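FYI, the numbering for the sequence shown is 1 to 768, going by the UniProt record's numbering. In this text, a Cβ means the ideal position worked out from N, Cα and C, and glycines have one as well. All values derive from a computational prediction rather than experimental measurement.
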Amino acid sequence: MDSPHKRRADGRRIARPLRPDRLLRGATRALAFALALGCAEHTAVAADGAPAGGPKRPRIGLVLGGGGAKGAAHIGVIKALEQLRIPVDCIAGTSMGSIVGAAYATGMSARELEGAITEIDWRDVLRSAPREEVPFRRKELDAVFTNGLELGIKDGNVVFPGGLVPTHRIESVFRRIVAAAGSSADFNRLPIPFRSVATDLETGEMVLFDHGDLAVAMRASMAVPGAFAPVEHEGRLLVDGMLVRNLPIDVARKTCADVIIAVPVANPRIAPDKLRSLLAVAGQAMNLAVEANEREQLATLGPNDVVVRVILKDIGSTDFAQSKDAIPIGEAAAQAVSASLARYSLSPAEYAQWRASLVQLATAARPTIDEVRMVGFERSNPEAMRKLLDSQVGETFDPDKAAADASRLVAQRDYTSVTSELVQEGGRNVLVYNAVEKPWGPNYLTFDLNLSTDMKGNTAWGARVNYEKRWLNDRGGELRAGLQVGRPNLAQVEFYQPLAAGSPFFVAPSAYWKQNLEDVYSNGFAIAQVDVKSYGLKLDAGAAIGSSGEFRLGLLRGQSTVITKIGAPVLPDRQEADLGAVTARLAFDTLDQRLFPSSGNFGTFNALMSRTGLGASQDYKLVSGSLGHTFDLGKSVVTAVVRAGSDLNSQAPYYDQFRLGGMFNFSGFPNGSLVGREYAWGGLMFRRRLTYLAESVGSAIYGGLTAELGQVYERFDGTRVSGAMPSGSLFLGIDSKVGPVYIAYGRAQGGHSAFYVYLGSSFEAFRP
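Pasting the structure below:
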């Protein structure tokens with residue numbers, strides 16, 4: 001039967017527009033992805049899609065429906081088909097079915113598919129760009145704003161990001177696996193002819209991929225609207241094909257099939273009492289729309305066709321870690337209808353001959369790059385971004401290198417996705433980087449809440465907001481302004497200006513104001529309270545050290561005031577001082593994660609030289625530094641850190657002395673209770689993951705302990721302390737959506753102890 005679809009100028013078929021009531025906006029589920037693609041070559045396909053000189057038997061079309069993580073059941077169905085010796089002459093797939101179908105179409109066996117699925121780290125694949133690629137400047141902001149919430153400002157209104165899951169790493173995996181298929185492959189020339197279905201987000205039309213970039217076809221077919229960024233392809237925004245053809249039976253029929261084996265992955269009915277939340281109602285509405293177009297397709301089946309219904313009650317569409325459990329369920333579902341399938345079985349010799357005909361493609365010689373093109377870099381400067389690329393004109397195309405380039409561009413935090421694609425234009429090989437800039441940029445707002453207490457009345461808190469405007473000019477200038485209300489109060493603004501587009505060298509003028517009520521301690525007891533205020537102007541010049549670090553050299557002018565509010569007269573009632581100093585800072589951070597890292601290093605070195613010749617009230621010097629390394633032991637992690645600081649016997653004033661004490665920082669003491677001019681500290685932290693959390697809540701819960709040794713030698717009151725003071729702690733750490741949460745008990749020599757509760761960022765010793 002002829003398809004009702006029209007053809008576009010490029011030969012791609014489209015369906016009639018979907019009615020608006022069927023195209024539901026926003027998805028509540030992210031699809032899992034079966035990644036295991038080989039590369040293959042197939043016999044030429046005749047005009048009607050059937051293999052030239054094809055089999056005398058009925059041609060069998062395998063139709064694989066969408067279903068998120070449930071779709072891994074398709075692998076089990078394929079295993080059963082192989083056991084029954086049933087050949088497949090063409091495949092049509094949607095969403096997860098497209099991923100599994102593409103894998104099988106390129107010549108992989110069911111066993112190879114299963115192996116690839118069980119090896120996938122779903123949490124890692126869905127994570128944003130690797131932290132080592134994130135610019136150091138962004139890492140510093142992450143240290144203060146820990147919940148990951150980023151909003152935008154447009155036309156005076158706050159714009160939400162839409163909760164899009166990063167997809168560039170997904171496509172990178174697809175592209176690496178299908179590299180040998182080429183970027184302009186005719187899907188009829190794969191070992192098994194293949195079709196993938198997507199939806200035009202603007203018109204609701206079905207878009208059918210039968211040629212082109214296989215990785216793009218795969219990602220477009222599973223781009224759930226509202227969950228994943230749409231795929232921009234040939235001037236169209238494409239999303240998940242489930243909206244128009246979750247079970248594309250007519251597509252397989254048109255491609256080759258005399259007989260259809262259709263595999264819908266059904267969702268169990270949801271009880272009415274479970275449909276009370278907005279999320280549940282939206283999810284059910286999506287299910288009903290998908291089931292409606294599935295029923296239309298199933299109604300076209302005839303008596304010779306076979307339906308393999310897979311019902312998974314305990315695996316959800318987003319249960320990526322459980323996807324491997326769907327494989328045996330799919331296999332059992334196919335075996336349950338083996339009597340219907342067996343009529344299409346081949347003899348062992350015939351099946352072996354068919355399988356041998358699926359000759360894997362020899363990896364084609366990689367072409368030379370004739371042009372590198374940057375597409376979609378509208379607010380950002382494409383020439384600045386080009387300097388981040390390893391792939392260059394005149395080099396042999398390397399899909400792994402191109403994928404790494406795309407990941408590096410996404411790590412700049414200006415784009416929701418960047419993909420790489422090698423296309424042929426007039427005999428030239430053009431490597432295209434397609435960027436989708438954040439719709440809510442380039443004006444960004446971040447918020448966070450910080451709370452810390454030692455359960456003895458010593459509490460610090462802060463409600464923070466930061467405004468950042470990027471790409472003020474084509475050299476990448478940025479304006480950053482932050483405000484914190486609480487204890488302490490803080491306001492600061494900085495203009496960051498690279499000297500040239502893509503240059504590591506920069507200048508950064510800034511201004512700040514800070515006020516804090518500080519308790520003054522003696523032997524662990526508060527004896528006074530002082531109000532410390534400071535403000536100043538600063539001019540820094542420096543250089544970024546790749547994405548790992550930064551060096552700054554600066555001039556500071558300002559003023560500081562310390563006023564004793566209550567308590568013992570350990571300090572003058574009022575101290576005012578002018579500030580004038582040269583500053584230097586070197587910092588680096590290669591941790592794989594900011595909050596609960598499992599590998600990497602970090603370190604800082606700070607120096608300040610106050611001089612009356614620069615307007616300061618007194619001459620003094622300060623130097624300090626820290627160095628840490630994290631060891632990955634599987635479920636457990638050990639972090640080792642050393643820190644030290646000194647005024648080099650220059651009698652630094654109270655307002656510029658070192659402040660220590662608190663959780664993981666001489667544990668057992670109140671926060672900031674150890675103030676002095678010289679200190680040394682070393683510590684070991686052991687941390688073990690206790691359990692994972694639901695994605696909607698956070699990442700994981702950890703338990704651990706610290707062992708610390710150090711001393712504040714020159715105290716603020718002139719007391720000289722010798723020897724080393726041991727301390728340590730036991731803690732629970734929660735990597736939650738609202739930021740890190742710590743509950744700890746610390747104890748130090750001399751009977752000092754405290755219970756700590758921390759929410760948000762903290763100035764603890766085991767992080768940079």
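Range covered by the beta strand (DSSP E) that runs through residue i
i	result
Asp647	Neither: Asp647 is in no beta strand (DSSP E) and is coded neither H nor E.
Ile315	First-last for Ile315: undefined, no H or E at that position.
Asp240	236-240
Tyr521	505-522
Tyr620	620-633
Thr368	Looking at the DSSP string, Thr368 is not in any beta strand (DSSP E), and its letter there is neither H nor E.
Asn601	600-610
Gly66	No beta strand (DSSP E) holds Gly66; DSSP gives it neither H nor E.
Val393	Element bounds for Val393: n/a, residue is neither H nor E.
Met206	206-209
Glu232	231-233
Residue range of the alpha helix (DSSP H) that includes residue i
i	result
Arg355	348-357
Val144	136-144
Arg386	382-386
Ala404	399-410
Gln335	326-336
Proximal residues to residue i (C-beta, below 8 Å), its chain only, five neighbours per side dropped
i	result
Val375	Val432, Tyr433, Asn434, Ala435
Ser722	Gln711, Tyr713
Collapsed DSSP secondary structure at residue i in the structure displayed
i	result
Met108	coil
Val224	coil
Ser547	coil
Glu150	strand
Asn246	coil
Met1	For Met1, the pLDDT reaches just 38, beneath the cut-off of 50, and the residue's location in the model is therefore unreliable, leaving the point undetermined.
Ala50	At Ala50 the pLDDT is 38, less than 50, meaning the model places this residue with poor confidence; the figure from the coordinates comes in the next sentence. DSSP places Ala50 in coil when its eight states are reduced to three.
Gln497	strand
Ile192	coil
Ile527	strand
Lys56	coil
Ser323	helix
Thr255	helix
Val159	strand
Ala215	helix
residue 788	Because the chain here runs from 1 to 768, residue 788 falls outside it and cannot be looked at.
Own chain, CB closer than 6 Å to residue i, minus 5 neighbours either side, in chain order
i	result
Ala362	No answer about Ala362 holds up, because its pLDDT of 46 lies below 50 and its placement is not dependable.
Leu730	Leu705, Tyr745
Phe209	Ser196, Ala217
Ser380	Asp414, Trp471
Gly367	Per the sequence shown, residue 367 should be read as Pro rather than Gly. Phe397, Asn429, listed in sequence order.
Gln492	Gly482, Tyr512
Ala215	Glu171, Phe174, Arg175, Val178
Ala584	Leu553, Ala607
Ala129	Ser407, Val410, Ala411
Val485	Ala463
Ile563	Asp531, Arg574
Pro726	Leu709, Gln749
Cβ-heavy atom distance, residue i to the ligand FAD, below 7 Å
i	result
Gly502	Among the ligands in the structure shown, none appear at all, so the ligand FAD cannot be discussed.
Residue-chain proximity (residue i, chain C), Cβ-Cβ < 8 Å
i	result
Ala694	In the structure shown, chain C cannot be found, because there is only a single protein chain.
Same chain, Cβ closer than 7 Å to residue i, neighbours up to 5 away in sequence not counted
i	result
Gln322	Ala69, Ile315
The region 590-606 touching the region 734-745, judged by at least three CB pairs closer than 8 Å: As far as the Cβ criterion goes, the region 590-606 touches the region 734-745, which means the pair count is three or higher.
Inter-stretch contact (C-beta, 8 Å, three-pair minimum) for the region 332-350 and the region 104-111: no
Segments assigned alpha helix (DSSP H), at least 4 residues, entirely inside the region 68-126: Those alpha helix (DSSP H) runs which fall completely within the region 68-126 and span 4+ residues are 73-83, 96-105, 110-118, 122-125.
Please determine if the region 59-69 and the region 93-103 are in contact, where contact requires at least 3 C-beta pairs separated by less than 8 Å. yes
Ignoring anything shorter than 3 residues, give me the beta strand (DSSP E) runs that lie fully in the region 681-766, in order along the chain. 698-715, 725-736, 739-748, 752-759
Check whether the region 691-700 and the region 654-668 are in contact - that is, three or more C-beta pairs closer than 8 Å. Look at the beta carbons and you see the region 691-700 not touching the region 654-668: under three pairs across the two are nearer than 8 Å.
Could you say if the region 501-509 and the region 517-526 meet the contact criterion of at least three C-beta pairs nearer than 8 Å? no
Would you check if the region 568-580 and the region 609-616 touch, i.e. whether three or more CB-CB distances between them fall below 8 Å? yes
Between the region 325-332 and the region 290-303, can you find at least three pairs of beta-carbon atoms closer than 8 Å? no
Is the region 254-264 touching the region 306-315 in the sense that three or more CB pairs, one from each, lie closer than 8 Å? yes
Minimum length 3: unbroken beta strand (DSSP E) runs contained in the region 409-460: 415-425, 428-437, 443-453
Would you be able to state if there are at least three C-beta pairs under 8 Å between the region 552-570 and the region 531-539? In the pairwise beta carbon analysis, the region 531-539 is classified as touching the region 552-570: at least three pairs are separated by under 8 Å.
Assess contact between the region 438-451 and the region 143-156, defined as three or more Cβ pairs (one per stretch) separated by less than 8 Å. Is contact present? yes
So within the region 647-672, which uninterrupted beta strand (DSSP E) runs reach at least 3 residues, ignoring any that extend past its ends? 658-660
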